[in-house]
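Report on the following structure.
There are 2 protein chains.
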Amino acid sequence: MSADEATVAEGPLALVCGGGSLPLAVADHVLARGRRVLLFPVRGAAKPEDYAGREHTWVHLGQFGTLARVARPLGCTEIVLIGWLTRPSLWGLRPDFLTLKILPRIAKAFLGGDNHLLSNIAKLVEEQGFRLRGAHEVAPEILAPHGSLGRLVPDADDLANVGLGLDYLAAAGRFDIGQAAVVAGRHIVAVEAAEGTDGMLARVATLRATGRIRAPRGVLVKAPKPQQDRRFDLPSIGPTTVAAAAKAGLSGIVVIAGETVVAEPDALREAADRAGLFVFGASGPAA
Amino acid sequence: MSADEATVAEGPLALVCGGGSLPLAVADHVLARGRRVLLFPVRGAAKPEDYAGREHTWVHLGQFGTLARVARPLGCTEIVLIGWLTRPSLWGLRPDFLTLKILPRIAKAFLGGDNHLLSNIAKLVEEQGFRLRGAHEVAPEILAPHGSLGRLVPDADDLANVGLGLDYLAAAGRFDIGQAAVVAGRHIVAVEAAEGTDGMLARVATLRATGRIRAPRGVLVKAPKPQQDRRFDLPSIGPTTVAAAAKAGLSGIVVIAGETVVAEPDALREAADRAGLFVFGASGPAA
Numbered sequence: 073m074s075a076d077e078a079t080v081a082e083g084p085l086a087l088v089c090g091g092g093s094l095p096l097a098v099a100d101h102v103l104a105r106g107r108r109v110l111l112f113p114v115r116g117a118a119k120p121e122d123y124a125g126r127e128h129t130w131v132h133l134g135q136f137g138t139l140a141r142v143a144r145p146l147g148c149t150e151i152v153l154i155g156w157l158t159r160p161s162l163w164g165l166r167p168d169f170l171t172l173k174i175l176p177r178i179a180k181a182f183l184g185g186d187n188h189l190l191s192n193i194a195k196l197v198e199e200q201g202f203r204l205r206g207a208h209e210v211a212p213e214i215l216a217p218h219g220s221l222g223r224l225v226p227d228a229d230d231l232a233n234v235g236l237g238l239d240y241l242a243a244a245g246r247f248d249i250g251q252a253a254v255v256a257g258r259h260i261v262a263v264e265a266a267e268g269t270d271g272m273l274a275r276v277a278t279l280r281a282t283g284r285i286r287a288p289r290g291v292l293v294k295a296p297k298p299q300q301d302r303r304f305d306l307p308s309i310g311p312t313t314v315a316a317a318a319k320a321g322l323s324g325i326v327v328i329a330g331e332t333v334v335a336e337p338d339a340l341r342e343a344a345d346r347a348g349l350f351v352f353g354a355s356g357p358a359a
Numbered sequence: 073m074s075a076d077e078a079t080v081a082e083g084p085l086a087l088v089c090g091g092g093s094l095p096l097a098v099a100d101h102v103l104a105r106g107r108r109v110l111l112f113p114v115r116g117a118a119k120p121e122d123y124a125g126r127e128h129t130w131v132h133l134g135q136f137g138t139l140a141r142v143a144r145p146l147g148c149t150e151i152v153l154i155g156w157l158t159r160p161s162l163w164g165l166r167p168d169f170l171t172l173k174i175l176p177r178i179a180k181a182f183l184g185g186d187n188h189l190l191s192n193i194a195k196l197v198e199e200q201g202f203r204l205r206g207a208h209e210v211a212p213e214i215l216a217p218h219g220s221l222g223r224l225v226p227d228a229d230d231l232a233n234v235g236l237g238l239d240y241l242a243a244a245g246r247f248d249i250g251q252a253a254v255v256a257g258r259h260i261v262a263v264e265a266a267e268g269t270d271g272m273l274a275r276v277a278t279l280r281a282t283g284r285i286r287a288p289r290g291v292l293v294k295a296p297k298p299q300q301d302r303r304f305d306l307p308s309i310g311p312t313t314v315a316a317a318a319k320a321g322l323s324g325i326v327v328i329a330g331e332t333v334v335a336e337p338d339a340l341r342e343a344a345d346r347a348g349l350f351v352f353g354a355s356g357p358a359a
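Read top to bottom, the protein sequences are chains A and B.
Residue numbering for the first sequence follows the working numbering, beginning at 73 and increasing consecutively.
Residue numbering for the second sequence follows the working numbering, beginning at 73 and increasing consecutively.
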């Protein structure tokens, strides 16, 4: 079977694009494999200038009908959700008719944890005859490789902190909390929940400045939750993560290779080398 | 044996007093039992005006020799550390000769977790012939009782949040992190580490104001870590905790009865009733 036949068999891929540079990076990787991509930037999340040069259809979060109407006649059966989306206010949604029917379920999902919200969205997409794929499945190039993403590597002290952090994330994972923690001096000094990784790192910077954290350096550890639906909710890092980790006085970042999305890997590498931080992809625990 | 004989047998109690009202409350409870109390307010933590009317000896954190010199000739063999102490800078310590000898161990403890720091202090106190007691052992009146500390009680929704929070704290406890979490809409939205309970509650207030937490209400859950040395490191709440929980939009606070210190219980009860929050002492897990 030639690449062209594979493309026909798969049909075009619908990409629902949130903010950041990752959606277009995914689009380019998929296009490079010879598959057609239908772009659906989300209003309020994606930047119009990023999509000016490409064919696209704007959608509001909640307008699943628009996507179905455009994508289905083109033979599209697969959807990827990618890019950072602010959890929208229920009142900020502009639901179309199809979405209205399922709104009660979405509302319920909003009150649950992240995993609950996302798996509900997955279910309703699949009820409409589409298959939800992970960005990393259609564009594995976006995943963190094994080893260092820059010049520096963690030292023995860093690795001891990393071990403690990964143990904690494994133990806390079943509670559907965050995917990250900061460990300094063998002590977990910050745990991520609703504030997100950047919020947590900003807190570490403040706690260090005010003397509440005295251990030198420290490591940001990110890992997917054990039960996490890896199709659309992998941990991610990017150059801003490196900048926030540097401000927090950390010596580096450890993620799980093959289970973490890296946005703008070149810029990230450069930022890490410049700031003197390591960014390291560790092997995940044996499944 | 009469109460007087018991007092003689026990000798006076040395109370190393940090900030807040709890140290003097403990002193009064111990005095009411007929036992003599030697007050050692810590400079920079205790307020001079609080000790003006009572016999006392100021100490700097790290001046263990001063305490030993005053307390030992009076037949004192028991010490209680009580009240909030900012983790001091090593350079802010004014070590006396005795403390200097053990400074390397203290320095090491500073780089470990809280439990590590505190159990090191306990060890060195006991090496000097004193016994470290918990404030709750000499004044059990300071502990949270079973049931509500005010008019309100948690409802079924609150209790479901509480269950999730207690499960999480039990699972995370062995990592020597914080002793508290906030659960809203069956989702753990904040976990305490180095920032402390008030810092965590301030974060929840901000995340709610910015729409990152949408679930209504929610509960603050506090519980001692499983391996925690209960002699000098019990979780504590007070009127300021109630105020911070109210600002965070929570419906109440749940602590473990008999394993949580309540500062200013009357003021706390009044603050909770005024703010419409419950404060509830739940039974701890079976040991």
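By construction, the Cβ of each residue, glycine as well, lies at the ideal position given by its N, Cα and C atoms.
Model, not experiment: these values are computed from the prediction.
- Message: Quick check on this structure: which residue in A:VAL254, A:ASP248, A:ARG223, A:ARG246 has the alpha carbon closest to the alpha carbon of A:ASP230?
- Response: For this step, residue 230 of chain A is matched to residue 158 along the first sequence. Of A:VAL254, A:ASP248, A:ARG223, A:ARG246, the residue nearest in Cα terms is A:VAL254.
- Alpha carbon to alpha carbon, how far is B:PRO84 from A:THR282? Give it in angstroms, no decimals. Against the first sequence, residue 282 of chain A aligns to sequence position 210. Against the second sequence, residue 84 of chain B aligns to sequence position 12. Looking at the two C-alpha atoms, the distance is approximately 38 Å.
- Give the DSSP bridge partners of A:ARG148, in chain order. Here residue 148 of chain A refers to the residue found at position 76 when the first sequence is read from its first residue. A small correction: the amino acid at residue 148 of chain A is Cys; Arg does not occupy that position in the sequence shown. Per DSSP, none; premise fails for A:CYS148.
- Whole runs of the alpha helix (DSSP H) within the region 278 to 330 of chain A, excluding any shorter than 4 residues: 311 to 319
- Query: Looking at the C-beta of B:ALA243, does it have a partner C-beta in chain A at a distance below 7 Å?
  - Reply: Here residue 243 of chain B refers to the residue found at position 171 when the second sequence is read from its first residue. It does; some Cβ of chain A falls within 7 Å.
- Reference A:VAL234, options A:GLU199, A:LYS294, A:PRO288, closest by Cα: Numbered from 1 along the first sequence, position 162 holds the residue referred to as residue 234 of chain A. Closest option to A:VAL234, Cα to Cα, is A:LYS294.
- Would you mind working out which of A:GLU127, A:PRO120, A:HIS208, A:VAL197 sits nearest A:VAL334, comparing C-alpha positions? As a working mapping, residue 334 of chain A is identified with position 262 in the first sequence. Ranking A:GLU127, A:PRO120, A:HIS208, A:VAL197 by Cα distance to A:VAL334 puts A:HIS208 first.
- Message: Tell me which residue opens and which closes the alpha helix (DSSP H) that A:ARG141 is part of.
- Response: Working through the first sequence from its first residue, we reach residue 141 of chain A at position 69. Per DSSP, A:ARG141 belongs to the alpha helix (DSSP H) from 136 to 143.
- Task: Quick one: grab the DSSP three-state call for A:PRO226.
- Result: Locating residue 226 of chain A in the first sequence gives position 154, counting from the first residue. Three-state DSSP puts A:PRO226 in coil, outside helix and strand.
- chain B residues whose Cβ lies nearer than 7 Å to that of A:VAL263: Looking up residue 263 of chain A in the first sequence gives position 191. By Cβ distance, chain B contributes ILE249, VAL263, ALA265.
- Message: Using C-beta distances below 7 Å, list every residue in its chain close to A:ARG223, excluding the 5 sequence neighbours before and after it, in chain order.
- Response: For the purposes of this step, residue 223 of chain A is taken as the residue at position 151 of the first sequence. Answer for A:ARG223: ASP345, listed in chain order.
- Task: Give me the Cβ distance between A:VAL114 and A:VAL131, rounded to the nearest whole Å; I'm assuming they're in contact under 8 Å.
- Result: Counting from one through the first sequence, the residue named residue 114 of chain A turns up at place 42. Counting from one through the first sequence, the residue named residue 131 of chain A turns up at place 59. Going by Cβ atoms, the distance from A:VAL114 to A:VAL131 rounds to 6 Å, so yes, they are a contact pair.
- Tell me which same chain residues have a C-beta within less than 7 Å of the C-beta of B:GLU198, skipping the five on either side of it? For the purposes of this step, residue 198 of chain B is taken as the residue at position 126 of the second sequence. If we look at B:GLU198 and ignore the five residues flanking it on each side, its Cβ neighbours are LEU204.
- Check whether the region 145 to 157 of chain B touches the region 88 to 98 of chain B, counting contact only when three or more Cβ pairs, one atom from each stretch, lie closer than 8 Å. yes
- Applying a beta-carbon distance threshold of less than 8 Å, which residues of chain B neighbour A:TYR240? The residue given as residue 240 of chain A occupies position 168 in the first sequence. Residues of chain B passing the Cβ test: ALA244, PHE247, ILE249.
- With which residues is B:PRO217 paired in a DSSP beta bridge? For this step, residue 217 of chain B is matched to residue 145 along the second sequence. DSSP, once it has assigned bridges, lists no residue as partnering B:PRO217.
- Message: Buried or exposed for A:LYS119, going by 16 or more other Cβ atoms inside 10 Å?
- Response: Start at 1 with the first residue of the first sequence, and residue 119 of chain A comes out as number 47. By the 10 Å Cβ count, A:LYS119 comes out exposed.
- Can you list, in chain order, the residues of its chain whose CB lies under 8 Å from that of A:LEU103, leaving out five sequence neighbours each side? Reading the first sequence from its first residue, position 31 is the one you call residue 103 of chain A. Excluding sequence neighbours, A:LEU103 sits near VAL109.
- Task: Taking A:LEU279 as the query, report the chain B residues whose CB atoms sit under 7 Å from its CB, ordered along the chain.
- Result: The residue you call residue 279 of chain A lines up with position 207 of the first sequence. Those within 7 Å of A:LEU279 in chain B are ALA266, GLU267.
- Interface flag, A:LEU349 vs chain B, CB-CB below 7 Å: Taking the first residue of the first sequence as position 1, residue 349 of chain A is located at position 277. It does not: the Cβ of A:LEU349 has no partner Cβ on chain B nearer than 7 Å.
- Pairing CB atoms from the region 238 to 252 of chain A with CB atoms from the region 264 to 273 of chain A, are three or more of them under 8 Å? yes
- Task: Quick one: list the residues of chain B neighbouring A:ILE260, beta-carbon separation under 7 Å, in chain order.
- Result: Within the first sequence, the letter at position 188 stands for residue 260 of chain A. Those are PHE247, ILE249, ALA265, listed as they occur along chain B.
- Would the beta-carbon of A:VAL314 fall within 7 Å of that of A:LEU349? The count along the first sequence starts at 1 and reaches residue 314 of chain A at position 242. The count along the first sequence starts at 1 and reaches residue 349 of chain A at position 277. The answer is yes: Cβ separation under 7 Å.
- With DSSP run on the structure shown, which of helix, strand or coil describes B:LEU94? Here residue 94 of chain B refers to the residue found at position 22 of the second sequence. Of the three classes helix, strand and coil, the one that applies to B:LEU94 here is helix, per DSSP.
- Message: Between A:GLY91 and chain B, is any beta-carbon pair separated by less than 7 Å?
- Response: Residue 91 of chain A sits at position 19 when you count from the first residue of the first sequence. Not closer than 7 Å to any Cβ of chain B, the Cβ of A:GLY91 fails to qualify, so no.
- Task: Quick one: grab the DSSP three-state call for A:ALA262.
- Result: Stepping through the first sequence from its first residue, residue 262 of chain A is reached at position 190. Here A:ALA262 sits in strand by DSSP.
- Buried or exposed for A:ARG275, please, with buried defined as at least 16 other CB atoms from any protein chain shown within 10 angstroms of its CB. For this step, residue 275 of chain A is matched to residue 203 along the first sequence. With 16 or more other Cβ atoms within 10 Å, it is buried.
- Item | Segments of 3+ residues assigned as beta strand (DSSP E) that fall wholly inside the region 104 to 133 of chain B | 109 to 113
- Tell me where the alpha helix (DSSP H) around A:ARG246 begins and ends. To locate residue 246 of chain A, count along the first sequence from 1; it is residue 174. Per DSSP, A:ARG246 belongs to no alpha helix (DSSP H) and is neither H nor E.
- Hey, would you say A:LEU292 sits closer than 7 Å to A:PRO311, going by beta carbons? Stepping through the first sequence from its first residue, residue 292 of chain A is reached at position 220. Stepping through the first sequence from its first residue, residue 311 of chain A is reached at position 239. Going by C-beta atoms, A:LEU292 is not nearer than 7 Å to A:PRO311.
- Looking at the unbroken alpha helix (DSSP H) that takes in A:LEU85, where does it start and where does it end? Along the first sequence, one-based indexing puts residue 85 of chain A at 13. A:LEU85 -> not in any alpha helix (DSSP H); beta strand (DSSP E) instead, spanning 85 to 89.
- Query: Under a three-way DSSP split, which group does A:GLY268 fall into?
  - Reply: Here the question's residue 268 of chain A lines up with position 196 in the first sequence. Helix.
- Using a beta-carbon distance cut-off of less than 7 Å, what residues from the region 303 to 326 of chain B approach chain A? none
- Task: Verify the CB distance criterion: does B:ILE328 have a CB-CB separation below 7 Å to chain A?
- Result: Locating residue 328 of chain B in the second sequence gives position 256, where the first residue counts as 1. Not closer than 7 Å to any Cβ of chain A, the Cβ of B:ILE328 fails to qualify, so no.
- Task: Take B:HIS218 and list the residues in its own chain whose beta-carbon comes closer than 7 Å to its own, dropping the five residues that flank it on each side.
- Result: The residue you call residue 218 of chain B lines up with position 146 of the second sequence. ALA329, GLY353, SER355, listed in sequence order.
- Exposed or buried, which one is A:GLY290 when buried takes at least 16 other CB atoms within 10 Å? Here residue 290 of chain A is taken as the residue at index 218 of the first sequence, counted from 1. Buried: at least 16 other Cβ atoms inside 10 Å.
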